[in-house]
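S.K.: Below you will find the structure I want to go over with you.
Numbering (my numbering), first residue to last: 418 to 570.
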């Protein structure tokens with residue numbers, strides 16, 4: 418009877434399983450939330466390229482790069498990295514790339530951001546760093562790839 422009770426109510430293993438599942442779901446939510454924010458911005462930039470170039474020439478002061486190069490690289494980063502992040506492909510690398518895009522965006526126009534705008538960049542940065550540290554989680558193509566690779570070796 419004690420063995421049955423211990424087996425049914427093994428709190429430690431239940432908590433461990435719950436935490437792992439919860440972590441993977443939270444990583445997915447974090448990836449999707451940040452990816453949506455940047456992908457939407459990238460699509461808006463492509464849809465109105467004239468305004469995008471105007472903003473990079475007049476409002477966004479990207480260090481070192483010319484406004485045109487910064488616009489192309491920034492928009493490319495806002496389109497490529499979130500797409501990879503949604504599917505969990507190269508999860509850590511795409512998170513790190515998007516973290517860099519977020520950082521450059523922040524320093525480029527931090528002087529004009531209100532506190533609420535700055536807070537979004539902080540939140541996105543923290544969520545992206547979580548994916549860099551923990552990986553994209555089990556709900557990703559990276560995980561599927563490693564599982565298939567593990568079975569073939």
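Note that beta-carbon positions come from the ideal geometry of N, C-alpha and C, so glycine has one too.
Pull up the distance between the alpha-carbon of residue 508 and that of residue 558, whole angstroms please.
M.R.: Approximately 9 Å, taken between the alpha carbons.
S.K.: Please state whether DSSP places residue 570 in a helix, a strand or coil.
M.R.: Residue state, collapsed to three classes: coil.
S.K.: Using only alpha-carbon positions, find the residue among 526, 560, 496 that is nearest to residue 451.
M.R.: Closest option to residue 451, Cα to Cα, is 496.
S.K.: With three or more beta-carbon pairs closer than 8 Å as the criterion, would you say the region 442 to 458 touches the region 497 to 516?
M.R.: The answer is yes - the region 497 to 516 touches the region 442 to 458, with three or more Cβ pairs under 8 Å.
S.K.: Below 8 Å on the Cβ atoms is my contact criterion, and I expect residue 516 with residue 546 to pass it. Report the Cβ-Cβ distance as a whole number of Å.
M.R.: Indeed, because the Cβ distance is near 6 Å, the residues count as touching under 8 Å.
S.K.: Fully enclosed by the region 435 to 479, which alpha helix (DSSP H) runs are 4 residues long or longer?
M.R.: With a minimum length of 4 residues, the continuous alpha helix (DSSP H) runs that stay inside the region 435 to 479 are 466 to 475.
S.K.: Do you know whose CA, among 567, 568, 554, lies nearest residue 438's CA?
M.R.: Out of 567, 568, 554, 554 has the C-alpha closest to the C-alpha of residue 438.
S.K.: Taking the beta carbon of residue 494 as the centre, do at least 16 other beta carbons fall within 10 Å, making it buried, or is it exposed?
M.R.: When all chains shown are included, residue 494 counts as buried.
S.K.: Taking contact to mean at least 3 C-beta pairs separated by less than 8 Å, is the region 481 to 495 in contact with the region 515 to 534?
M.R.: The answer is yes - the region 515 to 534 touches the region 481 to 495, with three or more Cβ pairs under 8 Å.
S.K.: What residues in its chain sit with their C-beta under 8 Å from that of residue 529, if we drop five residues either side in the sequence?
M.R.: So the list reads 476, once near-sequence residues are dropped.
S.K.: How many angstroms separate the CA atom of residue 548 from the CA atom of residue 448?
M.R.: About 8 Å.
S.K.: Buried or exposed, going by whether 16 or more other CB atoms sit within 10 Å of the CB of residue 488?
M.R.: Buried, by the Cβ-count rule.
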